[in-house]
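Under full-length UniProt numbering, the sequence shown has 96 at position 96, and the numbering climbs by one with no breaks. One structure below.
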Amino acid sequence: MDNETGHLGDSKFGEIDSKTCNKGTIIQEFYRDCNVFITGGTGFMGKLLIEKLLRSCPATKKIFIIIRPKRGKSPEERKEKLLNCVIFNSLKATNPIFHEKLVMVSGDISLPNLGLSPLDYEMLTQQVNIIFHLAATVKFDEKMNIAVPINIIGTIETINLCRKCVNLKSMVYVSTAYSNCHLKEIKECFYKPPLEEDVIIKFLPSVDEVIMEVIKPIHGFDARAVSRLKAPFSLSCSVLESGCRRSSSCVGVHQGGIYRVTAEDGEIEVRISISIIYLICVSVAGTLKEPLIGWIDNIYGPIGAVVGIGAGLLRTGIRKADFKSDIIPGDLVINGIIVAAYDVAVR
Numbered sequence: 001m002d003n004e005t006g007h008l009g010d011s012k013f014g015e016i017d018s019k020t021c022n023k024g025t026i027i028q029e030f031y032r033d034c035n036v037f038i039t040g041g042t043g044f045m046g047k048l049l050i051e052k053l054l055r056s057c058p059a060t061k062k063i064f065i066i067i068r069p070k071r072g073k074s075p076e077e078r079k080e081k082l083l084n085c086v087i088f089n090s091l092k093a094t095n096p097i098f099h100e101k102l103v104m105v106s107g108d109i110s111l112p113n114l115g116l117s118p119l120d121y122e123m124l125t126q127q128v129n130i131i132f133h134l135a136a137t138v139k140f141d142e143k144m145n146i147a148v149p150i151n152i153i154g155t156i157e158t159i160n161l162c163r164k165c166v167n168l169k170s171m172v173y174v175s176t177a178y179s180n181c182h183l184k185e186i187k188e189c190f191y192k193p194p195l196e197e198d199v200i201i202k203f204l205p206s207v208d209e210v211i212m213e214v215i216k217p218i219h220g221f222d223a224r225a226v227s228r229l230k231a232p233f234s235l236s237c238s239v240l241e242s243g244c245r246r247s248s249s250c251v252g253v254h255q256g257g258i259y260r261v262t263a264e265d266g267e268i269e270v271r272i273s274i275s276i277i278y279l280i281c282v283s284v285a286g287t288l289k290e291p292l293i294g295w296i297d298n299i300y301g302p303i304g305a306v307v308g309i310g311a312g313l314l315r316t317g318i319r320k321a322d323f324k325s326d327i328i329p330g331d332l333v334i335n336g337i338i339v340a341a342y343d344v345a346v347r
């Protein structure tokens with residue numbers, strides 16, 4: 001990163017001494033003494049974001065990660081598993097106590113108030129300065145009663161948390177271009193969804209799981225309205241994006257798939273507006289340079305095709321020869337996410 005421009009460049013990212021914390025770049029100074037809250041911290045993008053913040057913005061005060069108990073493991077046990085990931089090896093060598101900045105809070109984004117205890121919720125509203133919302137289910141054939149609570153309700157609850165944070169600088173909501181994958185060309189704009197979020201949220205409790213499984217390949221609700229969207233994943237994301245826009249006022253559009261919006265809430269006395277960056281990603285592949293070259297921990301998207309070809313299972317494919325795939329390395333996306341939080345806060 002260039003000290004004057006704050007440009008994100010190679011893997012050095014303008015490193016600063018984590019002990020002396022001398023004055024760094026404009027991005028590093030933005031994160032100095034800030035408390036960060038992350039949803040989806042145990043996923044591929046979440047791990048990269050946590051590692052990047054700890055390594056390149058060491059003056060960050062705390063990183064709160066919402067995590068739900070899974071398969072009988074407590075949040076602290078899942079934290080230990082998270083830190084065993086190979087991408088943290090460099091941090092362990094240079095700053096053995098980096099893990100002290102990570103604070104796990106037990107919760108579930110699909111529940112009211114993110115499933116947080118009243119004490120944890122209040123603590124976050126008083127301490128958090130920056131929020132990164134990465135949590136989502138990305139399975140295209142996910143059940144509606146799973147996709148909607150996570151992708152729609154989870155984001156609504158995260159925005160509600162933002163509105164109550166007394167010292168919030170900005171929120172970054174990471175979505176995907178595949179929210180409108182039925183379109184031949186996806187432009188940098190908000191599209192009208194086939195259904196509003198309140199309609200689909202009210203619909204779910206009235207349908208039992210057996211019927212929900214039958215309508216899993218979405219043909220239900222109003223067939224004319226949702227026939228364009230073939231998967232619950234796409235429908236839930238499309239509905240959510242419109243809902244976020246309707247509850248906020250768009251004040252600008254940035255090139256590169258980043259949208260700046262300011263949400264208004266007259267009921268909150270301590271804070272009546274929040275700054276949100278809405279960042280759209282295309283297919284995300286392994287890392288280009290950092291923290292390791294080519295690191296990936298899943299087989300979604302293009303990686304699944306590569307694995308299938310390498311294993312000899314995928315031998316042929318049909319595609320137009322002149323079509324180009326939109327694929328971006330994971331570490332470049334993370335750089336954009338980190339800068340996006342700064343950009344919307346200072347503009």
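Beta carbons are placed, not taken as given, at the ideal position from N, Cα and C, and that holds for glycine.
Residue nearest to residue 124 within the set 335, 315 and 158 is 158 (criterion: CA-CA distance). Bounds of the beta strand (DSSP E) holding residue 62 are 62-67. Residue 342 is a Cβ neighbour of residue 27, given a cutoff of 7 Å. In the structure shown, residue 131 falls within a strand segment according to DSSP collapsed to helix, strand and coil. Bridge pairing for residue 37: 64 and 131 [DSSP]. The region 307-325 and the region 60-70 do not touch, with fewer than 3 CB-CB distances between them shorter than 8 Å.
Residue 168 and residue 130 have their C-alpha atoms spaced approximately 6 Å apart. Secondary structure of residue 92 (DSSP, three-state): helix.
Looking at the DSSP output, residue 102 sits in a beta bridge with 63. 35 is the residue among 84, 31, 337 and 35 whose C-alpha sits nearest the C-alpha of residue 166. Taking the C-beta atoms as reference points, residue 279 is found no nearer than 7 Å to residue 128. By the beta-carbon neighbour count (other beta carbons within 10 angstroms, threshold 16), residue 320 is exposed.
Just measuring C-alpha positions, the residue of 84, 148 and 76 sitting nearest residue 109 is 148.
For the set 310, 42, 277 and 32, the Cα lying nearest the Cα of residue 170 is the one of 277. Excluding residues up to 5 positions away in sequence, 170, 260, 275 and 277 lie with their Cβ nearer than 6 Å to the Cβ of residue 344 in the same chain. Assignment of beta-bridge partners to residue 321 by DSSP yields no partner. Residue 336 and residue 309 have their C-alpha atoms spaced approximately 30 Å apart. According to the DSSP assignment, residue 149 belongs to no beta strand (DSSP E), since it is labelled neither H nor E.
Under the DSSP definition of a beta bridge, residue 327 partners with 283. Our two residues, residue 150 and residue 114, have alpha carbons roughly 10 Å apart in a direct line. Assigned with DSSP and collapsed to three states, residue 176 falls in strand.
Per DSSP, reduced to three states, the secondary structure at residue 187 is coil, with no helix or strand assignment. For residue 78, the enclosing alpha helix (DSSP H) begins and ends at 75-83. The criterion of a C-beta distance shorter than 7 Å is satisfied by residue 41 and residue 50. Each residue's CA atom was taken as its position, placing residue 23 and residue 183 some 46 Å apart.
Shown here for residue 88: same chain residues with a beta carbon closer than 7 Å to its own, the five before and five after excluded, namely 51 in chain order. Per DSSP, the continuous alpha helix (DSSP H) segment holding residue 56 begins and ends at 44-56.
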